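Reviewing the structure listed below.
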Amino acid sequence: MERVRVFVNPRSGFGFSPSALKAISETWEDEQTELTFQYSHSAEDGSRKARRAVEEGIDTILVMGGDGMINSIGGALLDTEATLGVIPAGSGNGFARHFNIPLPAEQAARALRKAKRRRIDVGLAAGRPFFVTCSMAWDAAIVRTFEKFPFRGPLPYVFAGVYELFDYHPQPLEVELDGDRMHLDPPLVFTVANLTQYGNNACIAPHAQADDGRLEMVYMPNRDAPRFFTNLHRLFDRTLDTLPGVLTRSFRHMCVRRENADPLQMDGELVDAPRSVEVEVRPGALTVLVPDAE
Ligand SMILES: Nc1ncnc2c1ncn2[C@@H]1O[C@H](COP(=O)(O)OP(=O)(O)OP(=O)(O)O)[C@@H](O)[C@H]1O
Numbered sequence: 001m002e003r004v005r006v007f008v009n010p011r012s013g014f015g016f017s018p019s020a021l022k023a024i025s026e027t028w029e030d031e032q033t034e035l036t037f038q039y040s041h042s043a044e045d046g047s048r049k050a051r052r053a054v055e056e057g058i059d060t061i062l063v064m065g066g067d068g069m070i071n072s073i074g075g076a077l078l079d080t081e082a083t084l085g086v087i088p089a090g091s092g093n094g095f096a097r098h099f100n101i102p103l104p105a106e107q108a109a110r111a112l113r114k115a116k117r118r119r120i121d122v123g124l125a126a127g128r129p130f131f132v133t134c135s136m137a138w139d140a141a142i143v144r145t146f147e148k149f150p151f152r153g154p155l156p157y158v159f160a161g162v163y164e165l166f167d168y169h170p171q172p173l174e175v176e177l178d179g180d181r182m183h184l185d186p187p188l189v190f191t192v193a194n195l196t197q198y199g200n201n202a203c204i205a206p207h208a209q210a211d212d213g214r215l216e217m218v219y220m221p222n223r224d225a226p227r228f229f230t231n232l233h234r235l236f237d238r239t240l241d242t243l244p245g246v247l248t249r250s251f252r253h254m255c256v257r258r259e260n261a262d263p264l265q266m267d268g269e270l271v272d273a274p275r276s277v278e279v280e281v282r283p284g285a286l287t288v289l290v291p292d293a294e
């Protein structure tokens, strides 16, 4: 008997869709599967309930949510026998888009039912896991403004990006990357990617692979902001890494020293962090459901 638990955010608009819940029941319930549903009211609540589900011996946890919700629940599944499946219901859905999980919940439920289990790498920054991206420059500051918007979706990200161009205070970084030291002038973009995109098909690290045992650092100095903004389409046509001024480096362990403490963006959520931040990869730490390419 396979035991499957679905985590749902009860706030409407964040994955609470009766038709999607019905589709999951129809696709997943059979004699060999025990299917249960549970509300997750917050990141802490989700994390606690996911830990309990693992202790109870649940085999598969399906999360109906965006990257932040996936992070809070998936973080409890690291190095366990439990598998994470994602039914996309977020604003950016970077995780789901990376793995070609269909965005309509009904289709995702069907695709995950036939999906393969795959171990993927997990990033750790300041001791906290991330699955998609972690940023520490303008690309992180955007989230600060995005969080204040009364509604979510791609459009608030655009407004937040423009607003933070005026409010963001760049600071230089001292970086140690697998033993190599470098001084980086104040960044516009400083992202560590485990998967290819922030979400909404904005591919910050087009060559990132989920299971190569490595993370990708993507840096662009603040002085190159005009070039970045006149080439924004390169995020979406997956060629940002070839834009002059963009530095991409693949690594296993990184230490970043900043002049001042500043929050990190981790899978779309802001997380407080000290001046000095250690980032490393945990190879194959999470098992996920990945649909076969059609
Ligand atoms: N486990 C959880 N249960 C309930 N709410 C959560 C949980 N984790 C995070 N949240 C909150 O739910 C809201 C929606 O987050 P979620 O990650 O699902 O979607 P999103 O941020 O709109 O999409 P994305 O991260 O893909 O851009 C946010 O306010 C987030 O802080």
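Residue numbers in the sequence shown follow full-length UniProt numbering, run continuously in steps of one, and reach 294 at the last position.
Every residue, glycine too, gets a C-beta built ideally from N, C-alpha and C.
Computed from a predicted structure; not experimentally measured.
Please state the DSSP three-state secondary structure of residue i.
i    : result
R3   : strand
R252 : coil
N71  : helix
L78  : coil
V132 : coil
T242 : helix
R97  : helix
R258 : strand
With residue i as the anchor, note down where its beta strand (DSSP E) starts and where it stops.
i           : result
V122        : 116 to 125
residue 296 : Given that the chain is displayed from residue 1 to residue 294, the structure contains no residue 296 and the question cannot be resolved.
residue 299 : The question about residue 299 has no answer, for the chain in this structure spans 1 to 294.
G65         : 60 to 65
E269        : 269 to 271
Quick one: give me the first and last residue of the alpha helix (DSSP H) that residue i is part of.
i    : result
S25  : 18 to 28
E56  : 43 to 56
V143 : 138 to 146
G90  : No alpha helix (DSSP H) holds G90; DSSP gives it neither H nor E.
E106 : 105 to 113
So residue i packs on residue j, CB below 8 Å; how close in whole Å?
i           : j    : result
P150        : L78  : That pair is no contact at about 34 Å.
R5          : I61  : 5 Å
R181        : R214 : That pair is no contact at about 19 Å.
T83         : D59  : 7 Å
V192        : V279 : 5 Å
L35         : F131 : Actually they are not in contact, since the Cβ atoms of L35 and F131 sit about 24 Å apart, beyond 8 Å.
L165        : V175 : Between V175 and L165 the Cβ distance is about 23 Å, and since that is not below 8 Å, they are no contact.
Y219        : L195 : With 8 Å as the limit, Y219 and L195 do not qualify as a contact, their Cβ atoms being about 18 Å apart.
A89         : M64  : 5 Å
L177        : M217 : 7 Å
residue 324 : G245 : Lying outside 1 to 294, the shown extent of the chain, residue 324 is not represented and no answer is given.
E2          : T33  : 5 Å
P221        : P186 : 7 Å
> What are the uninterrupted segments assigned as beta strand (DSSP E) that are 3 or more residues long and contained completely in the segment 157 to 232, given in chain order?
Replying inline: 173 to 177, 180 to 184, 187 to 193, 215 to 221
>> Three or more C-beta pairs under 8 Å: does that hold for the segment 161 to 175 against the segment 106 to 126?
In response: no
> Do three or more CB pairs link the segment 112 to 122 to the segment 201 to 215 at distances below 8 Å?
Replying inline: yes
> Three or more beta-carbon pairs under 8 Å between the segment 90 to 110 and the segment 37 to 55, yes or no?
Replying inline: no
> Is it a yes or a no for the segment 261 to 269 touching the segment 232 to 246, going by three-plus beta-carbon pairs under 8 Å?
Replying inline: no
> Is it a yes or a no for the segment 103 to 116 touching the segment 236 to 250, going by three-plus beta-carbon pairs under 8 Å?
Replying inline: no
> Are the segment 164 to 177 and the segment 61 to 74 touching, with three or more C-beta to C-beta distances below 8 Å?
Replying inline: no
>> Three or more C-beta pairs under 8 Å: does that hold for the segment 137 to 151 against the segment 269 to 287?
In response: yes
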